[in-house]
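So the sequence shown is numbered by our numbering: it starts at 145 and just counts up by one. The structure appears right after this line, and notes come after that.
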Amino acid sequence: MPNTDATKANLEAQLAELGERQQRIAQDLAEPLNADSSEQAVELEDDASLEAQAALVAREIASVNRALLRMENGTYGECVRCGDAIAPKRLEARPEAALCIACASTEQ
Ligand SMILES: [Zn+2]
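Next up, the structure:
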C-alpha cells in the first residue's frame with residue numbers, strides 16, 4: 145500500500161493551497177458591485193465564474209479530505225468502488241484519486 149508520509153504531506157499542502165484559493169474567491173465575491181451599471185454587468189459575469197470556481201474548489205477540498213481519511217483508515221490507494229489497487233502512477237499524478245482507472249473511466 146503506497147501509504148507514505150510524503151503523500152500525506154502532499155495532500156495536506158494541496159489542502160492548504162485550496163483553502164487559500166477558496167478564501168481569495170470569497171473575498172472577490174464579497175466586493176461590492178460598481179455603482180456604474182455598465183460595469184455591473186461585467187462584474188456579475190465575473191461573479192458567476194467565481195461561483196463556479198468556488199464550487200470546483202469546494203469539490204476538490206472534499207476529495208482531498210476523503211483521501212486523507214482513507215489514509216487514516218488504511219484504505220488509501222484502494223479503489224473505493226471495486227477495491228482494486230489504484231495504479232501508483234495514477235496516485236502520483238492525482239494523490240486524491242478515489243477510483244482506479246477502470247472505474248474512473250466508467251464514471252464519466
Ligand atoms: Zn475500481
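For glycine and all other residues, C-beta sits at the position ideal for the given N, C-alpha and C.
Here the alpha carbons of D180 and R238 stand approximately 44 Å from one another.
For the pair Q158 and V224, the CB atoms are not nearer than the 8 Å cut-off. Per DSSP, the continuous alpha helix (DSSP H) segment holding C247 begins and ends at 245-251.
Taking L194 as the centre and dropping the five residues before and after it, the same chain places the C-beta of I169, D172, L173 closer than 7 Å to its C-beta, in chain order. Judged by DSSP in its simplified three-state form, E175 adopts coil rather than helix or strand. Inter-residue distance for G221 and A150 is about 14 Å (C-alpha atoms, whole angstroms). For Q167 against I205, the beta-carbon gap comes to about 12 Å, at or over 8 Å, which does not count as contact. Relative to L200, the option among G163, L155, I245 whose CA is nearest is G163. Between ligand 1 and the CB of L243, the shortest heavy atom gap is smaller than 7 Å. Distances taken from the Cβ of D228 to the heavy atoms of ligand 1 include one shorter than 7 Å.
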